[in-house]
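J.:
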Amino acid sequence: MQYPQRFSNLPEYAFPRLRALLDPLTPGGDPLPMSIGEPMHPLPPMLGEELARHAAGYAKYPPNDGAPALRESISAWVARRYGVTPDPQTEVLPLNGTREGLFSACIALIAERKNGERPVVLLPNPFYQCYAVAALTAGAEPVYVPALTENGFLPDFAAVPADLLARTAAVYMCSPANPQGAVADAAYWTQLLALAEQHDFRILADECYAEIYRDTPPVGALETVHAIGADPERVMIFHSLSKRSNLPGLRSGFCVGGPRSIAAMKQLRSYAGAPLPLPAQMAAAAVWADEEHVIANRALYAEKFALADDILGNMPGYTSPQAGFFLWVAVNDDEDMTKRLWSEDGVKVLPGSYLSRDTDPRLGGGNPGAGYIRVALVAPAAEVSRGLHAIRAQVEKERESGA
Numbered sequence: 001m002q003y004p005q006r007f008s009n010l011p012e013y014a015f016p017r018l019r020a021l022l023d024p025l026t027p028g029g030d031p032l033p034m035s036i037g038e039p040m041h042p043l044p045p046m047l048g049e050e051l052a053r054h055a056a057g058y059a060k061y062p063p064n065d066g067a068p069a070l071r072e073s074i075s076a077w078v079a080r081r082y083g084v085t086p087d088p089q090t091e092v093l094p095l096n097g098t099r100e101g102l103f104s105a106c107i108a109l110i111a112e113r114k115n116g117e118r119p120v121v122l123l124p125n126p127f128y129q130c131y132a133v134a135a136l137t138a139g140a141e142p143v144y145v146p147a148l149t150e151n152g153f154l155p156d157f158a159a160v161p162a163d164l165l166a167r168t169a170a171v172y173m174c175s176p177a178n179p180q181g182a183v184a185d186a187a188y189w190t191q192l193l194a195l196a197e198q199h200d201f202r203i204l205a206d207e208c209y210a211e212i213y214r215d216t217p218p219v220g221a222l223e224t225v226h227a228i229g230a231d232p233e234r235v236m237i238f239h240s241l242s243k244r245s246n247l248p249g250l251r252s253g254f255c256v257g258g259p260r261s262i263a264a265m266k267q268l269r270s271y272a273g274a275p276l277p278l279p280a281q282m283a284a285a286a287v288w289a290d291e292e293h294v295i296a297n298r299a300l301y302a303e304k305f306a307l308a309d310d311i312l313g314n315m316p317g318y319t320s321p322q323a324g325f326f327l328w329v330a331v332n333d334d335e336d337m338t339k340r341l342w343s344e345d346g347v348k349v350l351p352g353s354y355l356s357r358d359t360d361p362r363l364g365g366g367n368p369g370a371g372y373i374r375v376a377l378v379a380p381a382a383e384v385s386r387g388l389h390a391i392r393a394q395v396e397k398e399r400e401s402g403a
């Protein structure tokens with residue numbers, strides 16, 4: 001079977017690659033999943049009651065634009081969190097998980113040509129692989145901008161060559177970053193907004209990890225837009241209950257943007273979208289309105305951040321993350337380390353090279369994920385401690401052997 005040429009150079013998704021790497025091996029201890037960011041903390045206490053209370057809604061087609069109660073709850077949350085109140089009618093769109101919106105945004109918002117040429121979409125590298133597929137589906141060229149230790153693991157989009165910036169139609173920016181946990185501050189967002197204005201592109205701000213942080217709530221793109229008086233159509237933000245509220249299975253996310261951008265997203269969704277069932281929408285409205293469970297969730301991650309700092313803190317290659325729930329640990333060989341942790345300790349991590357790809361030589365070349373492993377701190381603290389001790393022992397063994 002022939003597939004569209006634009007997908008011919010797409011890298012295989014990270015987790016099938018991981019299975020192929022580890023399936024031939026026998027785990028060397030009780031299996032401990034630290035490879036995937038699937039939260040394991042308690043569910044919000046009101047969830048079951050809300051789903052049951054609205055169960056009759058399964059007999060109805062869910063509203064494509066989102067139930068009014070959900071849109072209003074999202075708008076109120078954005079106002080509490082960022083000091084900006086989006087219009088729930090024209091500037092908010094509930095999503096079936098943020099991946100739906102992150103994918104659809106390129107299709108809905110990017111023109112087929114930019115300055116008479118194929119448009120470019122800039123991505124952080126490493127990156128959430130949905131970004132690249134979205135760009136290709138929209139007919140754009142994905143360009144991978146490295147997020148390296150020397151720039152604080154935040155991509156330097158201003159360093160992109162002028163010919164590519166002239167063709168740039170959109171930039172995906174993830175803050176807090178997956179996988180490194182780096183956070184863009186107000187100055188970073190301000191500079192990126194200025195670059196977007198100069199070169200006429202949109203910013204698609206993936207902020208799904210914004211509620212898991214150490215001390216200070218991460219600055220958001222939307223609040224920066226309003227603080228500096230930028231064009232609200234320049235930015236669309238994406239949030240989710242998956243990480244904030246440990247609800248990846250509920251598939252509740254949202255995007256907020258300018259009225260014209262949201263109208264375009266709604267138009268596409270009317271043909272190709274899949275809105276949440278009404279009971280899930282009503283439950284999500286209650287979950288977005290509650291902060292107590294989010295504070296409790298953050299405290300559980302804080303305990304595991306402290307464990308990581310204690311166990312790995314003086315180990316070369318360890319960087320303490322500002323936010324999110326991943327560690328990005330430098331090793332000599334990421335695939336070899338992944339196999340050793342699994343076959344000797346039963347600890348499953350993800351090779352960093354599976355989350356990134358080779359960079360344009362003009363942007364430094366090389367694969368910026370090679371030589372790192374991503375470690376998810378989602379398991380209970382005692383299990384995380386076991387995994388971190390195994391990682392430290394294997395990294396020390398690797399360095400002693402020169403492997």
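Read in full-length UniProt numbering, the sequence shown has 1 at position 1, and its numbers run on one by one without any break. Even for Gly, the Cβ is constructed at its ideal location relative to N, Cα and C.
In terms of residue numbering, what span does the alpha helix (DSSP H) encompassing Leu-279 cover?
T.: A quick correction: the sequence has Pro, not Leu, at residue 279. Run containing Pro-279: 278–288, per the alpha helix (DSSP H) assignment.
J.: Tell me whether Gly-57 sits in a helix, a strand or coil according to DSSP, three-state version.
T.: Looking at Gly-57 - three-state DSSP - the assignment turns out to be helix.
J.: So, under 8 angstroms CB-CB, Asn-246 and Pro-39 are touching, yes? Tell me the CB distance rounded to an integer number of Å.
T.: Right, their Cβ atoms sit about 4 angstroms apart.
J.: Could you check the C-alpha separation between Pro-63 and Leu-278 for me, to the nearest Å?
T.: About 8 angstroms.
J.: Check the C-beta distance from Cys-255 over to Ile-237 and give it rounded, since I have them as a contact under 8 angstroms.
T.: Yes, they are in contact, since the Cβ atoms of Cys-255 and Ile-237 sit about 7 angstroms apart, within 8 angstroms.
J.: Using the Cα positions of Lys-348 and His-226, report the straight-line distance between them to the nearest angstrom.
T.: Taking the straight line joining both Cα atoms gives about 42 angstroms.
J.: Measuring alpha carbon to alpha carbon, tell me which of Ala-69, Gly-371 and Val-375 ends up nearest Ile-36.
T.: Of Ala-69, Gly-371 and Val-375, the residue nearest in Cα terms is Val-375.
J.: Taking the beta carbon of Tyr-13 as the centre, do at least 16 other beta carbons fall within 10 Å, making it buried, or is it exposed?
T.: That one is exposed.
J.: Which runs of the alpha helix (DSSP H) at least 4 residues long sit entirely within the region 269–352? Give them in chain order.
T.: Correct list: 278–288, 292–312 and 334–345.
J.: Here's the rule: buried if 16 or more other CB atoms are within 10 angstroms of the residue's CB, otherwise exposed. What is Ala-243?
T.: In the sequence as displayed, the identity of residue 243 is Lys instead of Ala. Its Cβ being crowded by 16 or more others within 10 Å, Lys-243 is buried.
J.: Assuming Thr-85 contacts Ser-75 under a Cβ cut-off of 8 angstroms, what Cβ separation, rounded to an integer in Å, is found between them?
T.: Indeed, because the Cβ distance is near 6 angstroms, the residues count as touching under 8 angstroms.
J.: Is it right to say residue 427 is buried, meaning 16 or more other beta carbons lie within 10 angstroms of its own, or is it exposed?
T.: As shown, the chain starts at 1 and ends at 403. That puts residue 427 outside it, with no answer to give.
J.: Can the beta-carbon of Ser-270 be found closer than 9 angstroms to that of Thr-98?
T.: No, these two residues do not count as a Cβ contact at 9 angstroms.
J.: Touch check for the region 149–163 and the region 188–208: three-plus C-beta pairs under 8 angstroms?
T.: Short answer: they touch.
J.: Using three-state DSSP, classify Asp-185 as helix, strand or coil.
T.: Three-state result, Asp-185: coil.
J.: Could you tell me whether the Cβ atoms of Thr-319 and Gly-116 are closer together than 9 angstroms?
T.: Taking 9 angstroms as the Cβ cut-off, Thr-319 and Gly-116 do not qualify as a contacting pair.
J.: When the distance is taken between beta carbons, is Val-287 closer than 9 angstroms to Leu-93?
T.: For Leu-93 and Val-287, no; Cβs fall outside 9 angstroms.
J.: Identify every residue that forms a DSSP beta bridge with Asp-206.
T.: According to DSSP, Asp-206 bridges with Cys-174 and Phe-238.
J.: Taking the alpha helix (DSSP H) that Arg-113 falls in, what are its first and last residues?
T.: Segment: none, Arg-113 is in no alpha helix (DSSP H) and carries neither H nor E.
J.: Using only alpha-carbon positions, find the residue among Leu-21, Cys-130 and Glu-211 that is nearest to Arg-80.
T.: When each option's Cα is compared against that of Arg-80, the closest is Glu-211.
J.: Beta-carbon separation of residue 408 and Tyr-82 under 9 angstroms?
T.: Because the chain is modelled from 1 through 403, residue 408 falls outside the range shown and cannot be assessed.
J.: Look at the alpha carbon of Phe-326 and the alpha carbon of Ala-59, and state the distance between them as a whole number of angstroms.
T.: So the alpha carbons of these two residues sit roughly 40 angstroms apart.
J.: For Phe-103, which residues of its own chain have a beta-carbon under 6 angstroms away from its beta-carbon, when the five flanking residues on both sides are left out?
T.: Only Cys-130 and Ala-134 meet the Cβ criterion.
J.: Do Lys-339 and Leu-43 have their C-beta atoms within less than 9 angstroms of each other?
T.: No.
J.: Give the secondary structure of Thr-168 by DSSP, where H, G and I count as helix, E and B as strand, and everything else as coil.
T.: Strand at Thr-168.
J.: How would you label Ile-295, buried or exposed, when you count the other beta carbons within 10 angstroms and need 16 or more for buried?
T.: Flag for Ile-295 reads exposed.
J.: Measure the CB-CB distance between Tyr-213 and Cys-174 and report whether it falls below 9 angstroms.
T.: No, the pair does not count as a contact, with Cβ atoms beyond the cut-off.
J.: Comparing alpha-carbon positions, which option in Ile-311, Ala-393, Ala-299 and Pro-142 lies nearest residue 404?
T.: Given a span of 1 to 403 for the chain in the structure shown, any question on residue 404 remains unanswerable.
J.: Go to Ile-228, then tell me how far its alpha helix (DSSP H) extends in each direction, as first and last residue.
T.: From DSSP, the alpha helix (DSSP H) with Ile-228 extends over 221–228.
J.: Under the three-state reduction of DSSP, which class applies to Ile-373: helix, strand or coil?
T.: Ile-373: strand per DSSP, three-state reduction.
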